[in-house]
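Visitor: Numbering (the working numbering), first residue to last: 735 to 1192. The structure follows.
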């Protein structure tokens, strides 16, 4: 019997790349200075060793793209299953609105520039610029997922273009992030708090309610099983919705394709629902064990994202990037500059305390990933005393809810392109601008109100 080693060898290669990236991060000062995550370094090693350069690694882009697609969902489902303590709701909602307003600004800039570039590049896919908020704000998994779905609707190499934009976003997050740190903080670093950091030994033990270590099934197996269960529900739900939309003509087909691209959001919502059911069962004393384990879920999520980022950069096709080089550089350069200005402008107005730390965290998130934002914060606040890290993590959850309307918005310009109805481009831009102004007004008004209350109390 012949055994197919394809998947195993692909994972082995990605693992080797991650080990190489980790080694370089430890030994090369340049990578440490600019806060490059190990997975980004690993991805560029894979790109260098790939078929477009040295030709040592030969994993098809489509296969790497498939790994990116699924690993993203695994990572988000794992995060959504975690048990959370209730945080300060106002600041969490503000941070969520801050993040989504950044996405909207990128969407307005990207979509507007994409339409303007049609005068110079007539065969450009009109909604192309909307990959800017997806690549910068949501990361390579989302950009590839939506871009690849657009391929079926008339955008050649859409998935790879999305990966290219997301990769440039990581460069903005790393280089731009360090530049922003130096502008906002100068040479000041939280040296005193770093001295408080001590080495700790992690010992695994049984906490009340946990699955005992002596149980016949491992805790890690339970976490993976729960993630697999949620992912199965995600697939079945999307298949069901796709069947229902089959009779809705071209709009139904377009919207169904978009939903498959947002599979990770559907999976996250189902995971949150399962988490909610678990909480109810525990309060009613029906379920007496903690089947989810926050530590293990965090490790699974982080591992999935590390492999996802490595695969996403390694999957970039240089030939495709050359074809779209000018529009990609125009959109990402203008988008990166305005994102940097916007974050500083709004951050200092909406945060009463530690506005610099919170602004840097949001910047890292809306140009790279949450991990990039946390990496930037760790550089100036290693013990997370500013609570910027917590605001970012919980604010991202609020941002997920506030960003749900964009699901429908993203389908409009694609529908307009498929049906040769440019009016949908205008409608899309009006919605993006209106929603952006609504969130901006909410943030500025609530901040002004809080400042007045503080002055009265004094």
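Virtual Cβ for every residue (Gly too), placed ideally from N, Cα, C.
So, residue 859 versus residue 889, is the Cβ gap smaller than 8 Å?
Guide: Yes. Within cutoff.
Visitor: Quick check on the burial criterion: 16 or more other C-beta atoms within 10 angstroms. Buried or exposed for residue 870?
Guide: Counting Cβ neighbours within 10 Å, residue 870 comes out buried, since at least 16 surround it.
Visitor: In chain order, what residues of the same chain have a beta carbon less than 7 Å from the beta carbon of residue 754, not counting five sequence neighbours either side?
Guide: Excluding sequence neighbours, residue 754 sits near 776 and 779.
Visitor: Taking Cβ positions, are residue 851 and residue 1064 nearer each other than 8 Å?
Guide: Closer than 8 Å, so yes.
Visitor: In whole angstroms, what separates the C-alpha of residue 991 from that of residue 1080?
Guide: Using only the alpha carbons, I get a separation of about 35 Å.
Visitor: Note the first and the last residue of the continuous alpha helix (DSSP H) segment covering residue 1013.
Guide: Its alpha helix (DSSP H) spans residues 997 to 1017.
Visitor: Give the secondary structure of residue 749 by DSSP, where H, G and I count as helix, E and B as strand, and everything else as coil.
Guide: Reduced to three states, the DSSP call for residue 749 is helix.
Visitor: Could you work out which residue in 1156, 1066 and 796 is closest to residue 1046 when comparing CA atoms only?
Guide: Selected option, being the one with the closest Cα: 796.
Visitor: Can you grab the Cα-Cα spacing for the pair residue 902 / residue 1021, in whole Å?
Guide: Between residue 902 and residue 1021, the C-alpha separation is close to 46 Å.
Visitor: Measure the C-alpha to C-alpha separation of residue 1090 and residue 1098 and round it to an integer number of angstroms.
Guide: Answer to the nearest angstrom: the Cα atoms are 12 Å apart.
Visitor: Would you report the Cα separation of residue 747 and residue 771, rounded to the nearest angstrom?
Guide: Approximately 18 Å, taken between the alpha carbons.
Visitor: Tell me the DSSP secondary structure of residue 1024 in three-state form.
Guide: Three-state DSSP puts residue 1024 in a strand.
Visitor: Please look up how many angstroms separate the CB atoms of residue 1125 and residue 1092, rounded, as I've assumed it's under 8 Å.
Guide: With a Cβ gap of about 6 Å, residue 1125 and residue 1092 count as contacting.
Visitor: What is the rounded straight-line gap between the Cα of residue 1077 and the Cα of residue 829?
Guide: C-alpha separation (whole angstroms): 11 Å.
Visitor: Buried or exposed: residue 1042, going by 16 or more other Cβ atoms within 10 Å of its Cβ?
Guide: With 16 or more Cβ atoms within 10 Å of its Cβ, residue 1042 is classed as buried.
Visitor: Taking all protein chains shown into account, do 16 or more other C-beta atoms lie within 10 angstroms of the C-beta of residue 759, making it buried, or fewer, making it exposed?
Guide: So residue 759 counts as buried.
Visitor: Comparing C-alpha positions only, which one of 1112, 814 and 981 sits nearest to residue 1011?
Guide: The option with the nearest alpha carbon to residue 1011 is 814.
Visitor: Could you have a look at residue 932 and say whether DSSP puts it in helix, strand or coil?
Guide: Here residue 932 scores only 43 on pLDDT, less than 50, and its place in the model should not be relied on; the value that follows carries that caveat. DSSP places residue 932 in coil when its eight states are reduced to three.
Visitor: Once you ignore the five residues that flank residue 744 on each side, which residues in its own chain have a CB closer than 6 Å to its CB?
Guide: Counting only Cβ-Cβ distances below 6 Å, and skipping sequence neighbours, we find 793.
Visitor: Could you give the distance in angstroms between the alpha-carbon of residue 839 and the alpha-carbon of residue 1000?
Guide: Cα-Cα distance, rounded: 24 Å.
Visitor: Quick one: grab the DSSP three-state call for residue 937.
Guide: Per-residue confidence for residue 937 stands at a pLDDT of 46, beneath the threshold of 50, marking its modelled position as unreliable; the derived number appears in the next sentence. Coil, per DSSP.
Visitor: According to DSSP, simplified to helix, strand and coil, what is residue 804?
Guide: Residue state, collapsed to three classes: helix.
Visitor: Among 910, 1146 and 864, which has the Cα closest to the Cα of residue 726?
Guide: Shown here, the chain extends from 735 to 1192; a query on residue 726 therefore has no answer.
Visitor: Using C-beta distances below 6 Å, list every residue in its chain close to residue 876, excluding the 5 sequence neighbours before and after it, in chain order.
Guide: Here the set comprises 868.
Visitor: What are the uninterrupted segments assigned as alpha helix (DSSP H) that are 4 or more residues long and contained completely in the region 1042 to 1103, given in chain order?
Guide: For the region 1042 to 1103, whole alpha helix (DSSP H) runs of length 4 or above, ordered along the chain, are 1052 to 1057, 1059 to 1084 and 1089 to 1101.
Visitor: Can you name, in chain order, every residue of its own chain whose Cβ lies under 6 Å from the Cβ of residue 1103, other than the five neighbours on each side?
Guide: Closer than 6 Å at the Cβ level, and outside the excluded window around residue 1103, lie 873.
Visitor: What are the start and end residues of the alpha helix (DSSP H) that includes residue 958?
Guide: Segment 953 to 979, the alpha helix (DSSP H) holding residue 958.
Visitor: What residue does the alpha helix (DSSP H) around residue 916 start on, and which one ends it?
Guide: Per DSSP, residue 916 belongs to the alpha helix (DSSP H) from 911 to 919.
Visitor: Please return the same chain residues whose Cβ sits closer than 7 Å to the Cβ of residue 1161, not counting the five positions on each side in sequence.
Guide: If we look at residue 1161 and ignore the five residues flanking it on each side, its Cβ neighbours are 1146.
Visitor: Using a 10 Å radius around the Cβ and a threshold of 16 neighbouring Cβ atoms, would you call residue 934 buried or exposed?
Guide: Here residue 934 scores only 45 on pLDDT, less than 50, and its place in the model should not be relied on; the value that follows carries that caveat. Looking at its Cβ environment, which holds fewer than 16 other Cβ atoms inside 10 Å, residue 934 is exposed.
Visitor: Sorted by chain position, which residues of the same chain lie with C-beta nearer than 7 Å to residue 756's C-beta, five sequence neighbours on each side aside?
Guide: If we look at residue 756 and ignore the five residues flanking it on each side, its Cβ neighbours are 772.
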